[in-house]
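There are 2 protein chains.
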Amino acid sequence: MMKRRSAILLLVFFAVASTSGLGQTPPPPPIVSPEVHADHSVTFRFRDPNAKSVLLAREGVEKPLPMAKDAQGVWSVTTPPLEPDFYGYSFVADGVRLMDPSNSLIKPNLLFPQSMVHVPGPSSLPWEMNDVAHGVVHHHFYHSAVVEDDRGYYVYTPPGYNSEASQLYPVLCLLHGYSDGAEAWTAVGRANIILDNLIAQGKVKPMIVVMPLGYGAPEILTRNGLAAFHDPNLVKRNMDKFGEALLTEVIPQVERSYRVSKDRNDRAIAGLSMGGAESLYVGLNHLDHFAWVGSFSAGGLGADYDAEFPSLNSGANSQLRLLWIACGTDDRLITPNRKFRAWLTSKGIRHTDIETPGMHTWMVWRRNLAAFAPLLFRNNTP
Amino acid sequence: MMKRRSAILLLVFFAVASTSGLGQTPPPPPIVSPEVHADHSVTFRFRDPNAKSVLLAREGVEKPLPMAKDAQGVWSVTTPPLEPDFYGYSFVADGVRLMDPSNSLIKPNLLFPQSMVHVPGPSSLPWEMNDVAHGVVHHHFYHSAVVEDDRGYYVYTPPGYNSEASQLYPVLCLLHGYSDGAEAWTAVGRANIILDNLIAQGKVKPMIVVMPLGYGAPEILTRNGLAAFHDPNLVKRNMDKFGEALLTEVIPQVERSYRVSKDRNDRAIAGLSMGGAESLYVGLNHLDHFAWVGSFSAGGLGADYDAEFPSLNSGANSQLRLLWIACGTDDRLITPNRKFRAWLTSKGIRHTDIETPGMHTWMVWRRNLAAFAPLLFRNNTP
Numbered sequence: 064m065m066k067r068r069s070a071i072l073l074l075v076f077f078a079v080a081s082t083s084g085l086g087q088t089p090p091p092p093p094i095v096s097p098e099v100h101a102d103h104s105v106t107f108r109f110r111d112p113n114a115k116s117v118l119l120a121r122e123g124v125e126k127p128l129p130m131a132k133d134a135q136g137v138w139s140v141t142t143p144p145l146e147p148d149f150y151g152y153s154f155v156a157d158g159v160r161l162m163d164p165s166n167s168l169i170k171p172n173l174l175f176p177q178s179m180v181h182v183p184g185p186s187s188l189p190w191e192m193n194d195v196a197h198g199v200v201h202h203h204f205y206h207s208a209v210v211e212d213d214r215g216y217y218v219y220t221p222p223g224y225n226s227e228a229s230q231l232y233p234v235l236c237l238l239h240g241y242s243d244g245a246e247a248w249t250a251v252g253r254a255n256i257i258l259d260n261l262i263a264q265g266k267v268k269p270m271i272v273v274m275p276l277g278y279g280a281p282e283i284l285t286r287n288g289l290a291a292f293h294d295p296n297l298v299k300r301n302m303d304k305f306g307e308a309l310l311t312e313v314i315p316q317v318e319r320s321y322r323v324s325k326d327r328n329d330r331a332i333a334g335l336s337m338g339g340a341e342s343l344y345v346g347l348n349h350l351d352h353f354a355w356v357g358s359f360s361a362g363g364l365g366a367d368y369d370a371e372f373p374s375l376n377s378g379a380n381s382q383l384r385l386l387w388i389a390c391g392t393d394d395r396l397i398t399p400n401r402k403f404r405a406w407l408t409s410k411g412i413r414h415t416d417i418e419t420p421g422m423h424t425w426m427v428w429r430r431n432l433a434a435f436a437p438l439l440f441r442n443n444t445p
Numbered sequence: 064m065m066k067r068r069s070a071i072l073l074l075v076f077f078a079v080a081s082t083s084g085l086g087q088t089p090p091p092p093p094i095v096s097p098e099v100h101a102d103h104s105v106t107f108r109f110r111d112p113n114a115k116s117v118l119l120a121r122e123g124v125e126k127p128l129p130m131a132k133d134a135q136g137v138w139s140v141t142t143p144p145l146e147p148d149f150y151g152y153s154f155v156a157d158g159v160r161l162m163d164p165s166n167s168l169i170k171p172n173l174l175f176p177q178s179m180v181h182v183p184g185p186s187s188l189p190w191e192m193n194d195v196a197h198g199v200v201h202h203h204f205y206h207s208a209v210v211e212d213d214r215g216y217y218v219y220t221p222p223g224y225n226s227e228a229s230q231l232y233p234v235l236c237l238l239h240g241y242s243d244g245a246e247a248w249t250a251v252g253r254a255n256i257i258l259d260n261l262i263a264q265g266k267v268k269p270m271i272v273v274m275p276l277g278y279g280a281p282e283i284l285t286r287n288g289l290a291a292f293h294d295p296n297l298v299k300r301n302m303d304k305f306g307e308a309l310l311t312e313v314i315p316q317v318e319r320s321y322r323v324s325k326d327r328n329d330r331a332i333a334g335l336s337m338g339g340a341e342s343l344y345v346g347l348n349h350l351d352h353f354a355w356v357g358s359f360s361a362g363g364l365g366a367d368y369d370a371e372f373p374s375l376n377s378g379a380n381s382q383l384r385l386l387w388i389a390c391g392t393d394d395r396l397i398t399p400n401r402k403f404r405a406w407l408t409s410k411g412i413r414h415t416d417i418e419t420p421g422m423h424t425w426m427v428w429r430r431n432l433a434a435f436a437p438l439l440f441r442n443n444t445p
């Protein structure tokens, strides 16, 4: 059966693709990075013979780890055993953040894309791919008249979703953080995998998840982030226009394209970081639209909550099926989150306080989603 | 209206995110890269104070361009004016290919992700985003029993696609090249944008496009590519199992989920590079499934075409509505493509020969798709 095949033809284009960047020098031997060991420690390697310093910056570690250089100019460091999860990381070579050139798994981001490493865990972890029925992730494109740009949003439909059936699905609007793009909750947060798994286990009600682009004022991304957030008008416009685009453009489009309920009792809004603040701001100011509100590590609300939520009072308790406010205890935003919760308490507004271990990381937010989603669209009133 | 807002709260998490990788050193001033100038020349910049050599490797340029270092340790180079398009590129710092840390636009790839720069052009270019009706890109996930892995595929539905209408759409299976993932034709090739534009102009019939993962033997990716392609059994298994997964898994799933015609006259298969070879191999060996076959810069067919296509003869002319074989004249694969076309001619099989300027690049393949798609599913027989 073996035939002489002109594998050489394919070699030619492979060689063009793989060596054209290397100029006249022969390619160095391949680096293996990251290497996940059996004990879940991870070795990271980076060739940079002339750098004076290379550090490993890893999601969830405040202080980058120094790496050590060998005689071949390859820097490396091995972490302690890590909890199974996905971790973003960069190399910092002489002060410049770089992606790992040996790793094609990327954590996309509009400002700081990184490499990502998967430390695999048991199939019971909600973000592990299992052989269960899978939902579909739909990427929509449109011109926003509200924001005046071309943008996309993503929609997750659960396993078994049938556009021709008469069943109407509840809707979760799931918002990303500052610097993320609209793909963050699926590409990094693994929201579709988490929901597939929890739906297969009967823990989550099948729902449609809408993941819009969270910028009402995209120019907030085109400047140095620190400067942009010093401008309270820009921060407010970003939230206001985001809410307007969500309520008048994205949700109506979704309602035309998918079999979704328009009942406020079947609508939730939740998000992380900037998206947590947006969920609170848009959700609590539009209780006619949303009965379920979640906030994961929220950041970006104004300090004057009375001004931010002028109509919010204990009357909301009869409308809110769930107000769920989570933050990691090692997140510097734990303080404003506690402050906001105390304000809610002072107003007599019922809410669920969740404090978990962790910093301002996706490891926290994947767990937040896996804990929050099962609570949604249940018949028990709060 | 202006309120004192605690922008500082958001600053905290932004600062954590942006500086945690930088250790104790203050962040260097931001680098602008790439910078596209009014004349379409592009300046690329990369900070690497201790490198001995930094080159720019750009898609479509065989020999990387040397970059020059300034007193601040920033390397830069400015290209001549470039034709409007999207170009992949990397920096090669002391022999190591790196993505541009100042650019978040990424050309994903399973082996060699790169950065990407958009040189914008007139709205008449088919890959430019225009304010036309947009189709939707659907990401499906499944476990392949044929290949024994978890994998995804993408489906494009055209503007106005209505799953409840009775209209049946024709289907184009569009295949990526070696080292690409299933997202390549949308994320890099802009296939959805190209089709949106050409459908809006009435030049392309609305169709469903299926973009599967092109590896029947994914281990072809886990070894050094050169070595893998020296193994003719592996190369053949990769094509055979790919075809089996396409015909017995992906297409049946698509037929269950979308309103697509099952008529061979409404089915096309086309692809680039390895996917071009797969289109020829699967298409021409399954004329009961496909009436339209396209190949862009094909590479990876065996040398013994009689053995590769044992049943193919001039009888195919009555079944083939189109056999379209394109290659760039500066692509090293032009020689085997000409050889294959000569073999087709010797067998009396009608085909359309397309030679265009260009190398083995996405700039060629975007134009190939824009030229090929308008020919599909027309009533005129060849």
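Residue numbers (this note's numbering), protein chains in the order written: chain B, 64 to 445; chain C, 64 to 445.
Even glycine gets a Cβ: it sits at the ideal position worked out from N, Cα and C.
Beta-carbon spacing of residue i, residue j below 9 Å
i, j, result
"Asn446 (chain B)", "Asn193 (chain B)", "In the structure as shown, chain B starts at 64 and stops at 445, and residue 446 (chain B) therefore has no counterpart that could be examined."
"Val313 (chain C)", "Pro275 (chain C)", "yes"
"Asn301 (chain C)", "Ser360 (chain C)", "no"
"Gly223 (chain C)", "Pro295 (chain C)", "no"
"Ala120 (chain B)", "Ser153 (chain B)", "yes"
"Ala436 (chain C)", "Leu258 (chain C)", "yes"
"Leu375 (chain C)", "Asn348 (chain C)", "yes"
"Lys299 (chain C)", "Gly365 (chain C)", "yes"
"Leu284 (chain B)", "Ala291 (chain B)", "yes"
"Ala379 (chain C)", "Leu350 (chain C)", "yes"
"Ala331 (chain C)", "Pro233 (chain C)", "yes"
"Tyr205 (chain B)", "Met179 (chain B)", "no"
"Ile417 (chain B)", "Ile397 (chain B)", "no"
"Val345 (chain B)", "Leu383 (chain B)", "no"
CB contact below 9 Å: residue i versus chain D
i, result
"Val200 (chain B)", "Note that chain D does not occur in the displayed structure, where the protein chains are B and C."
Closest residue to residue i among the options (Cα-Cα distance)
i, options, result
"Leu368 (chain B)", "B:Arg401, B:Ala389, B:Ile283 and B:Gly338", "Here the sequence assigns Tyr to residue 368 (chain B), which means Leu is not the residue at that position. Nearest C-alpha to Tyr368 (chain B): B:Arg401."
"Gln230 (chain C)", "C:Tyr321, C:Thr249, C:Ser242 and C:Gly198", "C:Tyr321"
"Ala196 (chain B)", "C:Glu191, C:Ser207, C:Glu125 and C:Ser104", "C:Ser207"
"His203 (chain B)", "B:Ile262, B:Ser178 and B:Arg319", "B:Arg319"
"Arg404 (chain B)", "B:Ile262, B:Ser242, B:Asp243 and B:Ser358", "B:Ser358"
"Ala263 (chain B)", "B:Gly198, B:Leu128 and B:Arg441", "B:Gly198"
Minimum Cβ-Cβ distance from residue i to chain B less than 9 Å
i, result
"Phe305 (chain C)", "no"
"Pro112 (chain C)", "yes"
"Pro171 (chain C)", "yes"
"Ala308 (chain C)", "no"
"Phe359 (chain C)", "no"
"Ala331 (chain C)", "no"
"Leu174 (chain C)", "yes"
"Ser226 (chain C)", "yes"
"Asp148 (chain C)", "no"
"Ala280 (chain C)", "no"
"Gly378 (chain C)", "no"
"Gly136 (chain C)", "yes"
"Ala156 (chain C)", "yes"
Chain C within 9 Å of residue i, Cβ atoms only
i, result
"Asp133 (chain B)", "no"
"Pro164 (chain B)", "yes"
"Leu237 (chain B)", "no"
"Asp102 (chain B)", "no"
"Arg160 (chain B)", "yes"
"Gly456 (chain B)", "The requested residue 456 (chain B) does not occur in the structure, where chain B is confined to residues 64 to 445."
"Ser167 (chain B)", "yes"
"Leu85 (chain B)", "With a pLDDT of 36 at Leu85 (chain B), under the threshold of 50, the modelled position of that residue is not reliable, and no figure is offered here."
Contact between the stretch 134-145 of chain B and the stretch 159-173 of chain B (3+ Cβ pairs under 8 Å): no
At least three beta-carbon pairs within less than 8 Å, the stretch 415-431 of chain B to the stretch 215-227 of chain B: Counting Cβ pairs under 8 Å, fewer than three are found: no touch.
Members of the stretch 183-209 of chain C that neighbour chain B once the beta carbon cut-off is set at 7 Å: Met192, Asp194, His197, Val199, Val200, His201, His202, His203, Phe204, Tyr205 and His206
Stretch-stretch touch, CB-based, cutoff 8 Å, three pairs: the stretch 295-307 of chain C with the stretch 335-354 of chain C: The stretch 295-307 of chain C, when compared against the stretch 335-354 of chain C, does touch it at the 8 Å Cβ threshold.
Contact residues within the stretch 407-426 of chain C, judged by C-beta distance below 7 Å to chain B: His423
Near-chain C residues of the stretch 228-258 of chain B (beta-carbon distance less than 9 Å), N- to C-terminal order: Going along the stretch 228-258 of chain B in chain order, one finds Gly240, Tyr241, Ser242, Gly244, Thr249, Asn255 and Ile256 with a Cβ nearer than 9 Å to chain C.
Proximal residues, the stretch 343-375 of chain C versus chain B, C-beta separation under 8 Å: Ser360, Gly362, Gly363, Leu364, Gly365, Ala366, Asp367 and Ala370
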